[in-house]
Amino acid sequence: MKESIVEEKSKTFALRIIKLYKYLRFNKNETVMSHQVLRSGTSIGANIAESSGATSKKDFLAKVYISFRECSETKYWLEILHESGYLSDAEFQSIYDDCIELRKLLSSITKTTKININNSKEIED
Numbered sequence: 042m043k044e045s046i047v048e049e050k051s052k053t054f055a056l057r058i059i060k061l062y063k064y065l066r067f068n069k070n071e072t073v074m075s076h077q078v079l080r081s082g083t084s085i086g087a088n089i090a091e092s093s094g095a096t097s098k099k100d101f102l103a104k105v106y107i108s109f110r111e112c113s114e115t116k117y118w119l120e121i122l123h124e125s126g127y128l129s130d131a132e133f134q135s136i137y138d139d140c141i142e143l144r145k146l147l148s149s150i151t152k153t154t155k156i157n158i159n160n161s162k163e164i165e166d
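Just so we're aligned, residue 42 is where the sequence shown starts under the numbering used here, counting upward by one.
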């Protein structure tokens, strides 16, 4: 089965986050924030993967929404890492842009899924 765009992008993003974690830990000797961004940044794709086995539209929505929230948290940690001087402008901008793109995709998926759930309720009524 071919991966969806959001699955591909979240996996690529997770791999970039892992590289960022290694860079922060071993080149910058940063432990706390690097662990936080690793946890939230890799959780995005894990929850998207889990959503593919959802038992209902509501279950799917819940899992994708968790991904959206983890993406929002990752955005925060990237901003903190940049503003505290651990990431240069160039290092930050590249991965931040990917985070924003992923967040927009997840937002769109959650909105569309909510509409579909509401429309199916109207049909049932």
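Glycine included, every Cβ here is placed at the ideal spot set by N, Cα and C.
Within 10 angstroms of its Cβ, does residue i collect 16 or more other Cβ (buried), or is it exposed?
{"i": "T153", "result": "exposed"}
{"i": "S75", "result": "buried"}
{"i": "G82", "result": "buried"}
{"i": "V105", "result": "buried"}
{"i": "V47", "result": "buried"}
How many Å lie between residue i and residue j at the Cα?
{"i": "M42", "j": "S93", "result": "Any answer about M42 is weak, because its pLDDT of 42 lies below 50 and its placement is not dependable; what the coordinates show is given next. So the alpha carbons of these two residues sit roughly 11 Å apart."}
{"i": "L122", "j": "S108", "result": "21 Å"}
{"i": "R57", "j": "K162", "result": "40 Å"}
{"i": "S129", "j": "E49", "result": "26 Å"}
{"i": "K99", "j": "A55", "result": "25 Å"}
{"i": "I158", "j": "A95", "result": "14 Å"}
{"i": "L79", "j": "N160", "result": "37 Å"}
{"i": "C140", "j": "C112", "result": "7 Å"}
{"i": "F133", "j": "E120", "result": "8 Å"}
{"i": "N88", "j": "R66", "result": "25 Å"}
{"i": "K69", "j": "L146", "result": "31 Å"}
What residue range does the alpha helix (DSSP H) around residue i cover?
{"i": "K69", "result": "First-last for K69: undefined, no H or E at that position."}
Write down every uninterrupted run of the alpha helix (DSSP H) in the segment 78 to 136 whose length is 4 residues or greater and which is fully enclosed by it, in chain order.
-> Those alpha helix (DSSP H) runs which fall completely within the segment 78 to 136 and span 4+ residues are 98 to 124.
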